[in-house]
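Enquirer: Please read through the structure below; I'll follow up with questions.
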Amino acid sequence: MKEEILRFHSVTLKVKNEKVLNDVSFCVTSGEVIGLLFRNDRGEKELKSLIRFNSQISNGRIYFENNLVNNYYKSDLSANRVAVIQEEVSLIPGLSIADNVFVMRRGFRKFHIKESVLENQLERALEEIGIQLDIHKPVERLTVLERCITELIKAWLGGNRLVILDYLSNFMSPRLLWKFNQIVRHMADKGMAFLYVCHHHEEGFRYTDRLILFSDGMIKKKFDKDDMTEENIRPFIQYFKANKGMAKREEDILFEAKGISCEGREEISFRIQAGKTTTILDMDNQLMGDLIGILSGEIIPDRGRLILEGNDITESTVSDRLREGIILMPEDPIRNFLFPCHSYMENLTFLLDRKLGTSILPRKYMRSIRDEYGRLAGDSIDAKDITRLSEEQLYMLAYLRVRLYHPKLLVLVQPVMNETMYGRQNILRLIEMMQGEHITILILTTAVSDNLKVSDQLLIARKGKIVAEYSEREFSSFTDG
Amino acid sequence: MLRGKYLAGRMKWFAVFLLLLAVIQFLLLGMELTRWKLMSGILMVFLLMYFLILMYLGYRWLYLPIKANSRIKTRFLKSQVFDDFFHMQCPFSKEDEAVLAMLEEMLDRNNMVAIAQKESEYLALQNQINPHFLYNTLESIRAEALIAGEEQIAEMTEALATFFRYTISKVGHLVTLDDELSNIENYYFIQRYRFGDRISLQISYDSGTEDGEDILMYRIPKLSIQPIVENAIYHGLEKKMGGGLLKIRIQTTDSHLVIMVSDNGIGMDEARLEEVNRKLACLYPSQDESRRKGGIALQNVNSRIRLLFGDGYGIKVYSRPGAGTDVEMIMPLVREERADGAGGNV
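Residue numbers (this note's numbering), protein chains in the order written: chain V, 1005 to 1485; chain R, 15 to 360.
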């Protein structure tokens, strides 16, 4: 019979007199992988914290391994045996895998440690679990997959029956994600339970046994395996309908990479048509770094050529890129693209001096920009302190800056990564706004997520080179299927 | 001393320690007036440590339990909890504990369960017709229909008679899942005459537990699933265009039974859902309010589950317009009916 590991019963949590978790009830049993999907981030942080630590709740009860560990009238702030695997590495560099697994765990009290004994124990444990791992490899040289496996084994041997897998797709390519999930399933069969926090329902449907959909700190729906269909989730999510007819389509090639290569790696070639949106899906995260460096001008390729509108821009540097009409919007643009100490208008017009060739913009220009963009940005355009604005307003600012500059090519790095369901829809709408302005877009991503909804062309990269190319018609057919 | 069960005892010891603090302070004052400066310095440090420890102990063993009791009382006054009030971890005194135990006895929990049970039967029958009379009459109609060769009428009458018999015959609080599911199949059979192919029913459960027990032998309160199925048909599926699907899924863990009744009907809006769940959070919603705003069947089942098994169990509703409604019931695993009718052998 399935052993109950965690049970939330009618848990409500108030922070500053506002309910961040409202009447949350769910149960996790051994051998299960339960998906948690948050439509917005309200209550997400608090829920994860309550699973790990028994801090004060406003109502309800929490049971861990069938023991009442937290309730509305008594919370002892103790910790539950729950491990977390997330982007942040929990292993200590400089120590061996065996040290990380055995020594750095709660309750280890030996003073004299024999490395060989620990290694033997670890090998035996790995054999028992049925996982292969080079235990002599230094922790700092482990690949992402090996690191996560090590953390998983550490959790298992540390007696943690429940593991939170926190947004794995943030740092794992689809292939790695699939591989790791095979191991997760294997460990679930051995009696562990997993809470799989994901960005997208497609990922949740694929890898979990049950999926719990949260919105505004409340459970909206629990999907059993046989409920996991697009039809069933449709009433709960806002489907983005790309109005691709708006953008003018031109068949001319705007940008071309011809056999470019860095530091002896594979040569890559691709072409981007003017006015279209191309997505490069890097399956194993081997191409992304080089491509970002090359497109931003930070890296000059050893071989090959970059052609923009027939001009060779291979040798140009970071400062030339803007002049040439290429803007690269990094991942998490709110933190990496905006200036928190500047006002909304200063952020909006930040790049204009390069375009107009003057460092001081005439007042009449500013007035006219304020009038035109005020209609899109609303009252926030007058904000002096942009840190008080919502994420939605800040994303709008980042994209409006691009719209104002109107580049020939906009490169978006992981544009919808780490976003909630609402956040993704918002960003897709902003991308559509860019398409409406006939801006050619290149999306670099390690996960398909919702990017295809705004794409006209999909290029698949594996082992550092482009291995497949699909038109919108082709990838629409396989995503629908 | 400070960790005793009763708050009164803890307060007594706390007062003693405070008195001791006052005495030491008095001594310290005396030393300040004499030449024992070094001694007074040491004593000052000791006094500070003593004060801090006393404050911590006061917070841990007095303030927190008083706060916990206050939270329990607030929720009891809002009818949100029942058990917790009578079994507080830190009652004020031994006498208070005895008074609460007596009160609980006087409230006669079983009587309350019986009232709720009767109410559920009333809901199922929908009127005050003598069920025995009705059952016998239905049997007679069935016999007449068979003689006249009207097999469909005979079948329908038999199903209706069986439904009434189940409702009135099982006098205990708990029935097996098998019995309750058979009653639902029977109820569905009757409803099929009205709705035809517009509704379909799916029942799924684990085939058996590892220790060889049949999941259908676990016990649940009588008429606990049927009112929810009835709600799903009348409020969810009846107004839906196209085919309606009703799913009953039963899952078990090592300690709990989870029954999910789902429909793909019209669902309900957020305000209505919030109202339903708010009422379910209370153990005894006022009758007037319940009848005025509906949802009495759901509340009745919820109250019976919580009265029988405790505050950690009950019903939750999830819904959204166009996405149907899920009603989740959580109960402990009960293998045998206890003499008092409550869940035992969990």
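Backbone N, C-alpha and C define an ideal beta-carbon position, used for all residues, glycine too.
Determine the chain R residues that contact V/H1013 at a beta-carbon separation under 7 Å, and present them in chain order.
Expert: Here the question's residue 1013 of chain V lines up with position 9 in the first sequence. Within chain R, the residues near V/H1013 are G326.
Enquirer: Scan the stretch 1365-1390 of chain V for residues whose Cβ lies nearer than 7 Å to a Cβ of chain R and list them as they occur along the chain.
Expert: Taking 7 Å as the Cβ-Cβ cut-off against chain R, none of the residues of the stretch 1365-1390 of chain V qualify.
Enquirer: Using a threshold of 8 Å, state whether the C-beta atoms of V/V1201 and V/I1168 are closer than that.
Expert: Against the first sequence, residue 1201 of chain V aligns to sequence position 197. Against the first sequence, residue 1168 of chain V aligns to sequence position 164. Contact: yes.
Enquirer: Going by C-alpha to C-alpha distance, which of R/F323, R/G281, R/S221, R/L34 sits closest to R/G258?
Expert: Within the second sequence, the letter at position 244 stands for residue 258 of chain R. When each option's Cα is compared against that of R/G258, the closest is R/G281.
Enquirer: What residues in its chain sit with their C-beta under 6 Å from that of V/Q1418, if we drop five residues either side in the sequence?
Expert: As a working mapping, residue 1418 of chain V is identified with position 414 in the first sequence. Hits under 6 Å: E1335, T1449.
Enquirer: Shortest alpha-carbon distance to V/W1182 belongs to which of V/C1152, V/S1384, V/Q1397, V/L1099?
Expert: Taking the first residue of the first sequence as position 1, residue 1182 of chain V is located at position 178. For the residues V/C1152, V/S1384, V/Q1397, V/L1099, the minimum Cα distance to V/W1182 belongs to V/C1152.
Enquirer: Let's see if you can read the secondary structure: which residues bound the alpha helix (DSSP H) around V/I1298?
Expert: Locating residue 1298 of chain V in the first sequence gives position 294, where the first residue counts as 1. Note, V/I1298: alpha helix (DSSP H), 1292-1300.
Enquirer: Could you check if V/M1421 is buried or exposed, using at least 16 other CB atoms within 10 Å of its CB as the buried criterion?
Expert: Here residue 1421 of chain V corresponds to residue number 417 of the first sequence, with the count starting at 1. That one is buried.
Enquirer: Taking DSSP's pairing of strands, which residues face V/L1215 in a bridge?
Expert: As a working mapping, residue 1215 of chain V is identified with position 211 in the first sequence. The partner list for V/L1215 (beta bridge, DSSP) reads V/G1039, V/F1227.
Enquirer: Does R/F106 pass the burial test, meaning 16 or more other C-beta atoms within 10 Å, or should it be called exposed?
Expert: Working through the second sequence from its first residue, we reach residue 106 of chain R at position 92. R/F106 is buried by the Cβ-count criterion.
Enquirer: Is the beta carbon of V/V1015 sitting closer than 8 Å to the one on V/G1064?
Expert: Counting from 1 along the first sequence, the entry for residue 1015 of chain V is found at position 11. Counting from 1 along the first sequence, the entry for residue 1064 of chain V is found at position 60. Yes, the Cβ-Cβ distance between V/V1015 and V/G1064 is below 8 Å.
Enquirer: Can you tell me whether V/R1327 is buried or exposed, with buried defined as 16 or more other CB within 10 angstroms of its CB?
Expert: Counted from its first residue, the first sequence places residue 1327 of chain V at position 323. Exposed: under 16 other Cβ atoms inside 10 Å.
Enquirer: What are the boundary residues of the alpha helix (DSSP H) that R/C296 is part of?
Expert: Position 282 of the second sequence, counted from the start, is the residue given in the question as residue 296 of chain R. It is not in any alpha helix (DSSP H) - R/C296 carries neither H nor E in the DSSP assignment.
Enquirer: CB-CB under 6 Å to V/V1415, same chain, minus the five flanking residues each way: which ones, in chain order?
Expert: By one-based count along the first sequence, residue 1415 of chain V stands at place 411. L1299, L1332, L1446.
Enquirer: Hey, how far is the Cα of R/A82 from the Cα of R/L312?
Expert: Position 68 of the second sequence, counted from the first residue, corresponds to residue 82 of chain R. Position 298 of the second sequence, counted from the first residue, corresponds to residue 312 of chain R. Going from the Cα of R/A82 to the Cα of R/L312 covers about 30 Å.
Enquirer: Determine the DSSP secondary structure at V/R1309, reduced to helix, strand or coil.
Expert: The sequence position of residue 1309 of chain V within the first sequence is 305, counting from 1. Strand at V/R1309.
Enquirer: Return the chain-ordered ranges of every beta strand (DSSP E) run that is complete within the stretch 1321-1358 of chain V and spans a minimum of 3 residues.
Expert: Runs of the beta strand (DSSP E) inside the stretch 1321-1358 of chain V: 1330-1333.
Enquirer: Can you tell me whether V/S1177 sits near the ligand GDP, meaning its C-beta is under 7 Å from at least one heavy atom of the ligand?
Expert: Although the ligand GDP was asked about, the structure shown includes no ligands whatsoever.
Enquirer: First and last residue of the beta strand (DSSP E) that includes V/Y1200?
Expert: Numbered from 1 along the first sequence, position 196 holds the residue referred to as residue 1200 of chain V. It spans 1197-1202 - the beta strand (DSSP E) in which V/Y1200 sits, taken as one unbroken run.
Enquirer: Any C-beta of chain R sitting closer than 8 Å to the C-beta of V/I1223?
Expert: Counting from 1 along the first sequence, the entry for residue 1223 of chain V is found at position 219. V/I1223 counts as touching chain R.
Enquirer: Spatial neighbours of V/T1282 within its chain, please: CB distance less than 6 Å, with the 5 preceding and 5 following residues excluded, ordered by chain position.
Expert: Along the first sequence, read from residue 1 onward, the residue named residue 1282 of chain V stands at position 278. Excluding residues within five positions, the ones whose Cβ falls inside 6 Å are I1276, L1446, Q1461.
Enquirer: Could you check what DSSP says for V/K1245 in three-state terms: helix, strand or coil?
Expert: What you label residue 1245 of chain V is simply residue 241 of the first sequence in a count that begins at 1. Summary for V/K1245: the model assigns pLDDT 49, below 50, so the residue's position carries little reliability; its value from the coordinates is reported in the next sentence. Coil at V/K1245, not helix or strand.
Enquirer: How would you label V/R1253, buried or exposed, when you count the other beta carbons within 10 angstroms and need 16 or more for buried?
Expert: In the first sequence, the residue the question calls residue 1253 of chain V occupies position 249. Reliability fails at V/R1253, whose pLDDT of 45 lies under 50, so the model's placement of it is uncertain and the value that follows must be treated cautiously. So V/R1253 counts as exposed.
Enquirer: Which stretch, first to last residue, makes up the alpha helix (DSSP H) that contains V/E1376?
Expert: Within the first sequence, the letter at position 372 stands for residue 1376 of chain V. Its alpha helix (DSSP H) spans residues 1367-1381.
Enquirer: Runs of 3 residues minimum, wholly inside the stretch 176-238 of chain R: which ones carry the beta strand (DSSP E) assignment?
Expert: Runs found: 188-190, 213-219, 233-235.
Enquirer: Take every Cβ of the stretch 1349-1358 of chain V, pair it with every Cβ of the stretch 1401-1412 of chain V, and state whether three or more of those distances are shorter than 8 Å.
Expert: Segments in contact, yes.
Enquirer: If we call anything under 8 Å between Cβ atoms a contact, is R/T176 one with R/R156?
Expert: As a working note, residue 176 of chain R is residue 162 in the second sequence. As a working note, residue 156 of chain R is residue 142 in the second sequence. Going by C-beta atoms, R/T176 is not nearer than 8 Å to R/R156.
Enquirer: Does the separation of the CB atoms of R/L347 and R/R320 fall below 8 Å?
Expert: For the purposes of this step, residue 347 of chain R is identified with residue 333 of the second sequence, where counting begins at 1. For the purposes of this step, residue 320 of chain R is identified with residue 306 of the second sequence, where counting begins at 1. No, they are not a contact pair.
Enquirer: Tell me the DSSP secondary structure of V/E1008 in three-state form.
Expert: The residue you call residue 1008 of chain V lines up with position 4 of the first sequence. Of the three classes helix, strand and coil, the one that applies to V/E1008 here is strand, per DSSP.
Enquirer: Do V/R1379 and V/M1349 have their C-beta atoms within less than 8 Å of each other?
Expert: To locate residue 1379 of chain V, count along the first sequence from 1; it is residue 375. To locate residue 1349 of chain V, count along the first sequence from 1; it is residue 345. Taking 8 Å as the Cβ cut-off, V/R1379 and V/M1349 do not qualify as a contacting pair.
Enquirer: How should R/K208 be labelled, buried or exposed, when 16 other C-beta atoms within 10 angstroms of its C-beta is the threshold for buried?
Expert: Mapped onto the second sequence, residue 208 of chain R falls at position 194. Inspection of the sequence shows that residue 208 of chain R is occupied by Arg rather than by Lys. Classification for R/R208: exposed.
Enquirer: DSSP three-state label for V/S1265, please.
Expert: As a first step, residue 1265 of chain V must be located in the first sequence, where it is residue number 261. V/S1265: strand per DSSP, three-state reduction.
Enquirer: Taking DSSP as the reference, what is the three-state secondary structure of R/R334?
Expert: By 1-based counting over the second sequence, the position of residue 334 of chain R is 320. Three-state DSSP puts R/R334 in a strand.
Enquirer: Compare the Cα-Cα distances from V/I1157 to each of V/S1094, V/S1384, V/I1216 and report the closest residue.
Expert: Taking the first residue of the first sequence as 1, we reach residue 1157 of chain V at position 153. Here the closest residue by C-alpha is V/S1094.
Enquirer: Within 10 angstroms of its Cβ, does V/S1082 collect 16 or more other Cβ (buried), or is it exposed?
Expert: For this step, residue 1082 of chain V is matched to residue 78 along the first sequence. Classification of V/S1082: exposed, given that the 10 Å Cβ count is below 16.
Enquirer: Taking Cβ positions only, does R/K253 come closer than 8 Å to chain V?
Expert: As a working note, residue 253 of chain R is residue 239 in the second sequence. Output row for R/K253: interface = no.
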